[in-house]
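Counted the way UniProt numbering counts, the sequence shown spans residues 1 to 317.
C-beta atoms are modelled at their ideal positions from N, C-alpha and C, and glycine is treated no differently.
Reading through the structure tokens given below for one structure.
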Amino acid sequence: MIKVAAKSVLQNKIANYIASSLFLTIGKKELYYRIQSVGNFLPDYVVVKLPKKQFSRDELTFYCAGGKDQMSRAAATIGWHAPEAPMPLLMQSLFKRDQVFFDVGANSGYYSLLALASLNRPDSVYSFEPSKDALAFFKINIDKNSLGDNGFEIAEIALSDHSGSAVLYYPVDTHNLLETSQTLVKNHKGRKEYEKTDFVEITTIDDFVQKRSLTRVDLIKIDVEGHEEAVLEGGVATLQKLRPIIFFEVLPDIEMRKLQDMFQKFSYLTFQMGPKSITQVKKIVHTSENRNQVAVPLEKKEYFLQSCSDSGLYHCS
């Protein structure tokens with residue numbers, strides 16, 4: 001009852017302003033944003049504090065559009081490590097200065113910006129995003145933080161198992177948020193209707209690597225709404241030769257057998273992330289705890305587990 005009453009009070013604009021301002025005056029910016037979020041009064045731009053031991057700057061500014069971007073909303077109201085936790089912490093511990101990082105399905109660019117702001121900033125960050133809506137947010141974030149310099153590229157294309165063009169499907173908007181579920185997979189999650197569709201350019205990881213004459217790809221994050229298998233099928237040569245660590249999403253009712261066989265064939269180990277743990281698994285399955293999982297080349301296992309420990313995750317055998 002108390003929580004319901006408090007929420008009702010904070011939905012009043014004047015009461016929300018008074019309550020949130022109190023926390024701002026004592027430097028509690030996350031609580032300031034959290035109270036604003038309760039009343040749906042978040043500003044268009046939010047400032048996310050970063051720890052000095054891990055980042056080259058004190059903060060990042062994100063275009064939140066009043067809370068429409070769920071990633072920056074979570075970061076502003078809870079902390080930089082909160083969106084899709086524990087992935088930001090683990091990825092940040094894996095960034096190294098001589099690396100090449102692929103952010104596949106970058107959306108508004110949260111992980112790309114973390115990489116670019118890291119003390120151990122990768123030499124090259126390639127961000128792949130075909131959605132015009134998401135790209136608008138992403139480009140504002142880059143400009144707002146003055147991060148669009150050498151060693152960074154937004155590739156306004158999708159990745160798949162072949163090069164050419166394809167249809168990008170946008171789900172019907174039922175939540176008034178920045179869409180994160182646009183996909184190349186028709187009827188994904190049983191959908192029969194779509195808000196809109198776009199024809200987009202597609203290429204493969206291998207073709208992109210070859211055209212850029214890349215001699216290393218160290219870290220790949222893939223969030224492509226059920227199209228993960230096709231993306232990795234287009235990167236077989238890269239997996240074999242360059243041996244990147246791969247973060248990938250596992251959604252309910254998505255068959256992962258081919259992906260699992262591919263990882264086994266190329267001597268990759270798979271790990272399931274929990275809120276505070278990492279567990280090696282033989283079978284790739286969706287879990288309610290965390291749908292993001294990690295594939296690690298066998299020869300990088302010890303390095304990966306040390307990075308897990310450095311980020312505060314404990315290893316469950």
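* Asked: How is the alpha helix (DSSP H) around Cys64 delimited, first residue to last?
  -> Cys64 -> no alpha helix (DSSP H), and no H or E assigned at all.
* **Segments of 3+ residues assigned as beta strand (DSSP E) that fall wholly inside the segment 119–156** => 124–128 and 152–155
* Give the straight-line distance between the Cα atoms of Leu22 and Phe263, rounded to the nearest whole angstrom. => A direct Cα-to-Cα measurement between Leu22 and Phe263 gives close to 52 Å.
* Asked: Three-state secondary structure (DSSP) at Ile2?
  -> No answer about Ile2 holds up, because its pLDDT of 47 lies below 50 and its placement is not dependable.
* Asked: Given a threshold of 16 other Cβ atoms within 10 Å of its Cβ, counted over all protein chains shown, does Asp206 qualify as buried or as exposed?
  -> With 16 or more other Cβ atoms within 10 Å, it is buried.
* To do: State the start and end residues of the unbroken beta strand (DSSP E) segment that holds Gln36.
  => Gln36 -> not in any beta strand (DSSP E); alpha helix (DSSP H) instead, spanning Lys29 to Val38.
* Asked: Taking 7 Å as the cut-off, does the CB of Thr61 come closer than this to any heavy atom belonging to the ligand MG?
  -> Of ligands this structure carries none, so the ligand MG is not represented either.
* Asked: Do you know how far the Cα of Ala136 is from the Cα of Lys28?
  -> 30 Å
* **Within the segment 253–290, ranges of the beta strand (DSSP E) (whole runs, at least 3 residues)** => 268–273 and 277–281
* Proximity of Phe102 and Val217 at Cβ, strictly below 8 Å -> yes
* Can you give me the Cβ contacts of Ala166 inside the same chain, cut-off strictly under 7 Å, excluding the 5 residues immediately before and after it? => Scanning its chain for C-beta atoms nearer than 7 Å, with the 5 sequence neighbours on each side dropped, one finds around Ala166 the residues Ala158, Ser160, Leu184, Val200 and Ile202, in chain order.
* To do: Only counting runs of 3 or more residues, tell me where the beta strand (DSSP E) segments fall wholly within the segment 175–244, in order along the chain.
  => 194–203 and 219–222
* Asked: Comparing alpha-carbon positions, which option in Val231, Val285, Ile278 and Phe271 lies nearest Arg257?
  -> Ranking the options by Cα distance to Arg257, first place goes to Val285.
* Asked: Where Arg97 and Val296 are concerned, what is the direct C-alpha to C-alpha distance, given to the nearest angstrom?
  -> 19 Å
* Asked: If you drop the 5 nearest sequence neighbours on each side, which residues of the same chain put their C-beta closer than 8 Å to that of Lys49?
  -> Lys29, Glu30, Asp58, Glu59, Gly79 and Trp80
* How is Ala74 classed by DSSP in three states: helix, strand or coil? -> helix
* Environment of Cys308 [buried if 16+ CB atoms lie within 10 Å] -> buried
* For Val47, which residues from the same chain have a beta carbon less than 6 Å from its beta carbon, with the 5 sequence-adjacent residues on both sides left out? -> Glu59 and Thr61
* Residues of its chain near Thr24, where Cβ-Cβ distance is below 7 Å and the 5 sequence neighbours each way are ignored -> The displayed chain sequence assigns Leu, not Thr, to residue 24. Only Tyr32 meet the Cβ criterion.
* Asked: Hey, quick one: how far does the beta strand (DSSP E) through Pro86 stretch, first residue to last?
  -> Pro86 -> no beta strand (DSSP E), and no H or E assigned at all.
* Tell me Glu59's beta-bridge partners as DSSP assigns them. => Lys49
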